[in-house]
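With positions in the sequence shown counted from 1, the corresponding number in the numbering used here is that position plus 146. Read through the structure below, which is laid out as structure tokens, and then see the notes.
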Amino acid sequence: MNDIYTPPESDLSGGHSETVYGGFWIRLVASIIDSIWVMILTFGLGWMIYGAIYFESTDFIMGYGDFFTSYVLPFIITMLFWVYKSATPGKMALGLKIVDAETLGPVPKGRLALRYLGYYVSTIVLFLGFIWVAWDKKKQGWHDKMARTVVIKAK
């Protein structure tokens with residue numbers, strides 16, 4: 147028998163449970179984790195290509211191999227992680243993922259590439275684009291706003 151004093155149960159969330167955005171500090175830790183594996187990769191490959199002189203040189207870019215290992219390869223690897231896992235290793239370790247800001251679904255590849263380029267924009271003005279995450283309602287940095295993405299706690 148139904149109790150007339152019990153309120154009806156209803157899902158008013160539109161199919162989404164409470165979205166928990168990845169804040170500044172957890173994303174900073176994820177970024178540090180990612181920076182460590184990228185540095186190990188690029189320094190290791192740089193040493194294998196150029197030898198010990200790689201660490202002694204004052205040149206910004208030592209050649210094509212350095213440009214590839216320092217810029218192109220990290221872009222390719224990051225894009226692959228974003229496309230297939232919706233996160234880099236640092237974000238995965240901390241239970242975060244990158245999703246479309248409107249649908250909370252997968253992000254198209256073109257917007258992920260824009261997000262990566264947005265890292266450079268976020269860096270230009272004293273890293274303000276990254277620090278912006280601390281104040282934003284949806285915890286979006288400038289790169290997230292450019293690509294219309296958010297970082298959320300994975301379920």
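All residues carry an ideal CB built from backbone N, CA and C; glycine is no exception.
If you reduce the DSSP assignment to three classes, tell me which class residue i lands in.
| i | result |
| --- | --- |
| Val296 | strand |
| Ile150 | coil |
| Val271 | coil |
| Asp282 | coil |
| Gly287 | coil |
Could you tell me which residues DSSP pairs with residue i in its beta bridges?
| i | result |
| --- | --- |
| Asp246 | Thr295 |
| Tyr126 | Because the chain in this structure spans residues 147 to 301, residue 126 falls outside the shown range and cannot be described. |
I'd like to know whether the C-beta atoms of residue i and residue j end up nearer to each other than 8 Å.
| i | j | result |
| --- | --- | --- |
| Ala247 | Arg173 | no |
| Ser232 | Pro252 | yes |
| Val279 | Phe170 | yes |
| Val229 | Leu258 | yes |
| Lys285 | Gly168 | yes |
| Leu250 | Thr188 | no |
| Gly209 | Tyr200 | no |
| Phe213 | Ile222 | no |
| Thr215 | Tyr262 | no |
| Gly211 | Ile195 | yes |
Would residue i count as contacting chain C if we go by Cβ distances under 8 Å?
| i | result |
| --- | --- |
| Leu191 | The structure shown has no chain C; it contains just one protein chain. |
Q: Count the CB pairs spanning the stretch 293-300 and the stretch 232-246 that are closer than 8 Å, and state whether there are at least three.
A: yes
Q. Does the stretch 283-295 come close enough to the stretch 251-270 to have 3 or more Cβ pairs within less than 8 Å?
A. Verdict: yes, contact present.
Q. Unbroken alpha helix (DSSP H) runs of length 4 or more, entirely within the stretch 185-258: which are they?
A. Listed in chain order, the complete alpha helix (DSSP H) runs (minimum 4 residues) inside the stretch 185-258 are 199-202, 210-213, 219-231, 235-239.
Q) Using 8 Å as the Cβ pair cut-off and three pairs as the minimum, do the stretch 224-239 and the stretch 164-179 touch? A) yes
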